[in-house]
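Here the structure comes first, spelled out in structure tokens, and everything after it is commentary.
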Amino acid sequence: MEKINRRTFNIKLTQGLAGAALLSNMPLSYGLNSGKQDKKLGIALVGLGGYAGGQIAPALLNAQHCYLAGIVTGTPSKEKEWMDKYNIPRENVYNYENFDSIAKNDAIDVVYVVLPNSMHAEFCIRAARAGKHVITEKPMATSVAECDAIINACKENGVKLGVGYRMQTDPYTQEIKRYGKEKPLGNVKYVRSDSGFIAGSWITPWRLQKKYAGGGALMDMGVYAIQCCIYGAGANPVSISAQEFKTKPDYFIDVDETITAQMKFSNDVIGNVFTSYNANGNNLFVSYERGWVELNPAHSYGPLSGRTSRGEEIKFPFQRQYQQTLQLDAYAQHVLTGSPNYAPGEMGKRDLIIVEAIYKSIAEGGKTIPLDLGDMGIVRV
Ligand code: NDP
Numbered sequence: 081m082e083k084i085n086r087r088t089f090n091i092k093l094t095q096g097l098a099g100a101a102l103l104s105n106m107p108l109s110y111g112l113n114s115g116k117q118d119k120k121l122g123i124a125l126v127g128l129g130g131y132a133g134g135q136i137a138p139a140l141l142n143a144q145h146c147y148l149a150g151i152v153t154g155t156p157s158k159e160k161e162w163m164d165k166y167n168i169p170r171e172n173v174y175n176y177e178n179f180d181s182i183a184k185n186d187a188i189d190v191v192y193v194v195l196p197n198s199m200h201a202e203f204c205i206r207a208a209r210a211g212k213h214v215i216t217e218k219p220m221a222t223s224v225a226e227c228d229a230i231i232n233a234c235k236e237n238g239v240k241l242g243v244g245y246r247m248q249t250d251p252y253t254q255e256i257k258r259y260g261k262e263k264p265l266g267n268v269k270y271v272r273s274d275s276g277f278i279a280g281s282w283i284t285p286w287r288l289q290k291k292y293a294g295g296g297a298l299m300d301m302g303v304y305a306i307q308c309c310i311y312g313a314g315a316n317p318v319s320i321s322a323q324e325f326k327t328k329p330d331y332f333i334d335v336d337e338t339i340t341a342q343m344k345f346s347n348d349v350i351g352n353v354f355t356s357y358n359a360n361g362n363n364l365f366v367s368y369e370r371g372w373v374e375l376n377p378a379h380s381y382g383p384l385s386g387r388t389s390r391g392e393e394i395k396f397p398f399q400r401q402y403q404q405t406l407q408l409d410a411y412a413q414h415v416l417t418g419s420p421n422y423a424p425g426e427m428g429k430r431d432l433i434i435v436e437a438i439y440k441s442i443a444e445g446g447k448t449i450p451l452d453l454g455d456m457g458i459v460r461v
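Sequence positions in the sequence shown follow this note's numbering and run 81 to 461.
Dropping the structure here:
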């Protein structure tokens, strides 16, 4: 396997960008480059699957405030492969059985859990008990009760907790938030987001099993649409009703295939969520008193794209941001300097409360479920 270092990674990425000036300076207004840090946090990835290998590890090569220091894997053949590729020393390699001894390893500051959803809670709690800061992938867990257990373990052990919501630090998401805050088109009236893909034989099998995934499209992609609607509305929903559709019941036996949900927000915004494992969707539409803004794509790895009713394209002075690098540097800055946590555990828990309300509404024939979230998980940065 080819050894990749920061320089070769940069070259590979820029080659694919037609000479674009990559990894350019993030505007200070996004609050992510708030000063130089001497210390870089050592991150250990738990679960070396598609997302850890395809996105997070490469993104860490470009991070300013953290680096890939260790791995935790249940597949022995991945150990040498990753050690060679990312220069990871043997003493920073763990498996699921000896993972707790990571407590003695000062080279590891943060544990990033990238396992199937049903395993997030166990490994977040073990990481917190080992005294390590924690990042967990989305969905934060498979139930609100598990989210509570993770949050409590992090509090009890005095460690910080973040959710792998990479969109929260994406500049296009920041722009949507700015429209909500500065109101150039007036108040928000309506938000809509579609998030889905057509699942094929390539999909990892655990995603179709409730005991590993906790649910189907809603757990996997629906959380993006929920997040989009919330940062589009700039508020949390106060009620929700939902419907489920199964066009391929023989394939989606154990998990949901397609769900639509309607929300009313605390500021009287109306919202619509669509998520599916059998239809593509990747957009956010926000309607204001005097126009609209749309992102399409709205939550893929980037670059995103957007336009407004004034005929303007939403653009930034850089061609591409590697989302996971922004996400990880922002989290590292949070740990190192106390700067804002863009995706705290309360945000992940809030989204699971909404997910559970959606499943409840479906189970009760589309009944409207009231929500009492206040400002839970809303991060105004
Ligand atoms: P993969 O199936 O590709 O990888 C999961 C890894 O977990 C496996 O490779 C394996 O690693 C480990 N694992 C341990 N036990 C099991 C088990 N019983 N079954 C399967 N895998 C197991 O999943 P993804 O990488 O796609 O997803 C992992 C997490 O990341 C999920 O929570 C998902 O929702 C999230 N994700 C987030 C994305 C984002 O954009 N934020 C994008 C994609 C995924 P090993 O062999 O090292 O033990």
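All C-beta atoms, glycine included, are put in the ideal place defined by N, C-alpha and C.
(message) Which of the three DSSP states is assigned to N237 in this structure?
(response) coil
(request) Return the residue from the list G150, W162, H145 and R258 that minimises the CA-CA distance to G134. (result) W162
(request) Might you give, ordered along the chain, the residues of its own chain that have their beta carbon closer than 6 Å to the beta carbon of F396, omitting 5 neighbours on each side? (result) P251
(message) Check whether the segment 261-273 and the segment 238-245 are in contact - that is, three or more C-beta pairs closer than 8 Å.
(response) In short, these stretches do not touch, since the Cβ pair count stays below three.
(request) Return the CA-CA distance between P450 and N421, expressed in angstroms with no decimal places. (result) 28 Å
(request) Please indicate yes or no: does the CB of T327 lie closer than 8 Å to some heavy atom of the ligand NDP? (result) The ligand NDP never approaches T327 closely enough for any of its heavy atoms to be under 8 Å from the residue's Cβ.
(request) Please state if the CB of V152 and the CB of V214 are separated by a distance shorter than 9 Å. (result) Cβ atoms of V214 and V152: not closer than 9 Å.
(message) Suppose you measure from the CA of M343 to the CA of V318; what does that come to, to the nearest Å?
(response) Roughly 7 Å separates the two Cα atoms.
(request) Assuming A187 and N172 form a contact by the criterion Cβ under 8 Å, report the distance between their Cβ atoms to the nearest whole angstrom. (result) 6 Å
(message) Only counting the same chain, and skipping five residues up and downstream in sequence, which positions put a Cβ closer than 7 Å to that of A359?
(response) G276, I278 and T338
(message) As an exercise, report each continuous beta strand (DSSP E) stretch of at least 3 residues that is fully enclosed by the segment 379-424, in chain order.
(response) As far as the segment 379-424 is concerned, its whole beta strand (DSSP E) runs of at least 3 residues are 386-388.
(message) So, does the segment 283-293 touch the segment 193-210, judging by three or more C-beta pairs under 8 Å?
(response) yes
(message) Once the 5 residues before and after D228 are set aside, which same chain residues still bring their CB inside 8 Å of it?
(response) Counting only Cβ-Cβ distances below 8 Å, and skipping sequence neighbours, we find K429.
(message) Threshold first: 4 residues or longer. Then list the alpha helix (DSSP H) segments lying entirely within the segment 252-279, N to C.
(response) none
(message) So for M427, helix, strand or coil by DSSP?
(response) helix
(message) Tell me the rounded alpha-carbon separation between L265 and Y259.
(response) 7 Å
(message) Considering only the alpha carbon of each residue, which of V415, E236, Q404 and Y304 lies closest to L375?
(response) Y304
(request) Decide if S441 is buried, meaning its Cβ has at least 16 other Cβ atoms within 10 Å, or exposed. (result) buried
(message) Is the separation between the beta-carbon of T222 and that of M301 shorter than 9 Å?
(response) No.
(request) Could you have a look at A305 and say whether DSSP puts it in helix, strand or coil? (result) helix
(request) With P317 as the anchor, note down where its beta strand (DSSP E) starts and where it stops. (result) DSSP places P317 in the uninterrupted beta strand (DSSP E) bounded by P317 to F325.
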